[in-house]
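No gaps in the numbering here: position 295 of the sequence shown is 295 in UniProt numbering, and each next residue is one more.
We put the beta carbon where it would ideally sit given N, CA and C, even for glycine.
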Amino acid sequence: MRAKRSKKYRKLMHQYELTFGFREAYQVLVDSNFLQAVHNFKMDLMPALERTVQGQVKPLLTKCSLAAIMASQPINPKTGQPYRPFHLPPPTILPLRHCSHNERSEPIDEVDCLLSLLSPNADAKKNKEHYILATADPAVKKVDRNDNQQRKRKRDDERAEEQALRRARTLRVRARAIPGVPIIYVKRSVMVLEPMSTPSENIREGVEREKLGVGLPEKPRVNTEDAAEGAEKKKKPSVKKAKAPNPLSMKKPKKRTQEPGAAKTPKKKDPTEVSKESETAEKPDGEEAEAPKNKRRRRHHKSGPREGNEDDALSTEAGPAMEVDA
Ligand SMILES: [Zn+2]
1 MRAKRSKKYR
11 KLMHQYELTF
21 GFREAYQVLV
31 DSNFLQAVHN
41 FKMDLMPALE
51 RTVQGQVKPL
61 LTKCSLAAIM
71 ASQPINPKTG
81 QPYRPFHLPP
91 PTILPLRHCS
101 HNERSEPIDE
111 VDCLLSLLSP
121 NADAKKNKEH
131 YILATADPAV
141 KKVDRNDNQQ
151 RKRKRDDERA
161 EEQALRRART
171 LRVRARAIPG
181 VPIIYVKRSV
191 MVLEPMSTPS
201 ENIREGVERE
211 KLGVGLPEKP
221 RVNTEDAAEG
231 AEKKKKPSVK
241 KAKAPNPLSM
251 KKPKKRTQEP
261 GAAKTPKKKD
271 PTEVSKESET
281 AEKPDGEEAE
291 APKNKRRRRH
301 HKSGPREGNE
311 DDALSTEAGP
321 AMEVDA
């Protein structure tokens with residue numbers, strides 16, 4: 001069962017690599033609930049993460065997540081600072097991801113912070129930095145409050161827990177809406193990698209369609225980037241068409257010696273030669289240099305003897321015929 005799951009996760013991360021450009025070591029944004037769950041279920045952060053994504057990871061904690069963790073900690077009366085919680089790994093294992101959402105760079109709501117990093121542009125949802133989100137449902141505190149006096153406080157706690165649960169769910173729902181965000185989630189003491197969300201899956205299918213559809217005319221474009229790629233691919237056939245003018249460019253030096261010999265040469269050419277010539281013919285200088293020459297000659301012949309003009313006409317007829325041969 002475990003081997004089957006690891007194979008599935010390796011395949012899934014491979015799809016994120018192909019479709020969205022993920023690379024090891026994967027950057028993993030861990031949130032406060034995730035760290036709490038890892039601690040509660042006695043998991044080892046790094047090995048558990050690396051087993052889940054089947055690759056090297058670089059876990060990161062945002063400043064706002066750290067603030068959320070410290071906010072729920074009791075204050076040490078000696079220092080006046082909150083106690084460092086057991087579930088917070090040292091910065092050597094879990095470095096801070098500096099984030100600033102406002103001028104004074106004060107911490108903001110953890111969920112808002114994470115979502116802003118996963119998709120910096122709210123309109124064009126894109127996980128540019130290739131972050132993985134590692135999250136969990138908040139831990140449920142087991143507190144026995146049977147006192148009549150504390151019943152109200154119990155209700156308040158339950159309400160707070162419900163709210164925290166709703167926030168955790170909101171984070172996952174909104175992260176799934178951003179294409180290309182792998183989500184690691186602690187589910188009943190097991191760390192899981194969620195299947196691709198529908199928006200991610202749609203992009204992945206679009207990429208695969210693009211690969212299959214290479215060379216097919218009038219294929220539907222997914223977005224502007226794909227359209228640009230398609231345009232590049234379309235240029236390639238036109239390069240091949242550029243073979244046609246090459247025999248003309250080759251003909252000129254040979255025209256001085258033998259006309260029929262020149263007509264045969266294009267057939268003998270091997271493809272490598274043709275491609276080399278097409279490269280030279282592509283250069284705008286070469287084309288521009290040729291065109292005026294023809295014009296000059298015509299002007300010259302008009303004023304000159306008519307015999308020369310007829311030769312020129314023959315040679316231009318040979319041109320298109322050779323194009324067909326080539
Ligand atoms: Zn932040």
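Item	Value
Of the residues VAL30, TYR9, ALA139, which one's Cα is nearest the Cα of LEU117?	VAL30
For GLN54, count neighbouring C-beta atoms within 10 Å of its own C-beta (all shown protein chains included) and say buried if the count is 16 or more, exposed if not.	buried
Who are the near neighbours of PRO120 in its chain, counting only those whose CB is closer than 7 Å to its CB and skipping five residues on each side?	LYS128
Is there a Cβ from chain D that is less than 8 Å from the Cβ of SER6?	Within the model displayed, chain D is absent; a lone protein chain is all it includes.
Return yes when the C-beta of ILE69 is under 7 Å from any heavy atom of ligand 1, and no when it is not.	no
Which residues are close to ligand 1, meaning CB closer than 5 Å to any heavy atom, in chain order?	THR62, CYS64, CYS99, CYS113
If you draw a straight line from the C-alpha of ARG176 to the C-alpha of CYS99, how long is it?	22 Å
Flag this pair as yes or no: are the beta carbons of LEU133 and VAL181 separated by less than 8 Å?	yes
Quick check: what's the CA-CA separation for LEU61 versus PRO90?	11 Å
Rounding to the nearest angstrom, what Cα-Cα distance links PRO74 and THR135 in this structure?	23 Å
Can you tell me whether GLU110 is buried or exposed? The criterion is at least 16 other CB atoms within 10 Å of its CB, across all chains shown.	buried
Tell me which residues share the same chain as residue 369 and place their Cβ nearer than 6 Å to its Cβ, disregarding the 5 neighbours each side in the sequence.	Here the chain comprises residues numbered 1 to 326, so residue 369 is not present and cannot be evaluated.
For a test of the three-state rule: what should DSSP assign to VAL190, helix, strand or coil?	strand
Within its chain, find whatever has a CB closer than 7 Å to the CB of LEU88; leave out the 5 residues flanking it on each side and keep chain order.	LEU35, ILE69
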